[in-house]
Amino acid sequence: MYAIKRELKLNNQEKSFFAGCAGFSRFVYNHGLSLLKSTWDIPEICGSDSKRLDAIKKVFTNITKKQTEYLWTNKYSSRIYQNAFRDLKKAFSRWREPKIKADLLRFKKKKHNCSFTVDSSHGKVLVQEGKKIKIPTLGTFSLKESIPYNCVSQTFTISREAGKWYVSFAVSASYIPEMKHSYKKVGIDLGIKTFATLSDGNTFESPSSIKKAKTKLGKIQWRNRNKDAHQPSFWNRSI
Numbered sequence: 001m002y003a004i005k006r007e008l009k010l011n012n013q014e015k016s017f018f019a020g021c022a023g024f025s026r027f028v029y030n031h032g033l034s035l036l037k038s039t040w041d042i043p044e045i046c047g048s049d050s051k052r053l054d055a056i057k058k059v060f061t062n063i064t065k066k067q068t069e070y071l072w073t074n075k076y077s078s079r080i081y082q083n084a085f086r087d088l089k090k091a092f093s094r095w096r097e098p099k100i101k102a103d104l105l106r107f108k109k110k111k112h113n114c115s116f117t118v119d120s121s122h123g124k125v126l127v128q129e130g131k132k133i134k135i136p137t138l139g140t141f142s143l144k145e146s147i148p149y150n151c152v153s154q155t156f157t158i159s160r161e162a163g164k165w166y167v168s169f170a171v172s173a174s175y176i177p178e179m180k181h182s183y184k185k186v187g188i189d190l191g192i193k194t195f196a197t198l199s200d201g202n203t204f205e206s207p208s209s210i211k212k213a214k215t216k217l218g219k220i221q222w223r224n225r226n227k228d229a230h231q232p233s234f235w236n237r238s239i
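Each residue of the sequence shown is one higher than the one before, starting from 1 at the first, in full-length UniProt numbering.
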């Protein structure tokens, strides 16, 4: 498996939309992190971080998004906040892993975290070759560099780096690097004794079919050397 990353060619409206998607993802991540940390100080709440996050996600889906102050979240794809909670759960798993020794999770900031992830709830989708890409639940967008071949993927991450927007996705295949063959220029001399002689000394013999054809041609020419080529019988007897 390897990743493909391409720069997106967006207009101002599309850039603004993606910035809003990234802000929505960042808001959900920070909202879930804040609520989870607050539950650590409540002894009555039991359960692992994973179970607590699942409960927080249900509250966000069924209650928070329906409140008046959070109605703006409904104009964005639900796959954005689904993946934001998924990323938060993975981050906590890494933090709890003693071998990794990850730092305590911090809230995401707009300056350093302008990205979001979406996926197809119906499984993998076809990514067609060319300078267009259809991102699940978001639409079709232009690319600055074409995708060289058709492939399939399910999860797509959109990020902004140095003012440019990129889309990346994983492909379930082994990456085979391009094979480059070394070569050098040589001169070619077409001769009589040999079919071709190169300037580096290598020679190529004439194919046997050519030798046979030349022998046959010589016999025909000798047999008909004194005949008139303008007579119809000349061609019938010669071949």
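Positions of the beta carbon are idealized from the N, C-alpha and C atoms, including for glycine. Keep in mind the model is a prediction, meaning the values are calculated, not measured.
### Task
Report yes if the C-beta distance between residue 54 and residue 79 is below 8 Å; otherwise report no.
no
### Query
Rounded C-beta distance between residue 6 and residue 167? I'm assuming under 8 Å.
6 Å
#### Entry: Spatially closest choice to residue 91 from 108, 12 and 22, by CA coordinates
108
### Task
Identify whether residue 186 lies in helix, strand or coil by the three-state DSSP scheme.
coil
### Query
In chain order, which alpha helix (DSSP H) runs of at least 4 residues are fully inside the UniProt domain "Transposase putative helix-turn-helix" (3-40)?
12-39
### Task
Could you tell me if residue 62 is buried or exposed, where buried requires 16 or more neighbouring beta carbons within 10 angstroms of its beta carbon?
exposed
### Query
Nearest to residue 117 by alpha carbon, out of 22, 57 and 14?
22
#### Entry: residue 97, DSSP secondary structure in three states
coil
### Message
Would residue 186 and residue 199 be called neighbours here (beta carbons separated by less than 8 Å)?
### Response
yes
#### Entry: Beta bridge counterpart(s) of residue 137 as assigned by DSSP
Partner(s): none; residue 137 has no beta bridge.
### Query
Of the choices 135, 29 and 136, whose alpha-carbon is the least far from that of residue 86?
29
### Message
Could you check whether residue 158 and residue 127 sit closer than 8 Å to each other, using their CB atoms as the reference points?
### Response
no
### Task
Return helix, strand or coil for residue 153, following the three-state DSSP convention.
strand
### Query
Which residue comes first and which comes last in the alpha helix (DSSP H) that contains residue 57?
49-62
### Query
In the structure shown, what three-state DSSP assignment does residue 218 receive?
helix
### Message
With the cut-off set at 8 Å, would you say residue 141 and residue 8 are in Cβ contact?
### Response
yes
### Query
Taking the C-alpha atoms as reference points, what is the distance between residue 213 and residue 224?
17 Å
### Query
Looking at the unbroken beta strand (DSSP E) that takes in residue 162, where does it start and where does it end?
It is not in any beta strand (DSSP E) - residue 162 carries neither H nor E in the DSSP assignment.
### residue 31 burial status per 10 Å Cβ neighbour count (16 or more: buried)
buried
### Query
Per DSSP, residue 119 forms a beta bridge with which residues?
155
### Alpha-carbon to alpha-carbon, residue 180 and residue 84
42 Å
### Query
For residue 188 versus residue 156, is the C-beta spacing smaller than 8 Å?
no
### Task
Return the bridge partner residues of residue 78 from the DSSP annotation.
Residue 78 pairs with nothing; no bridge assigned.
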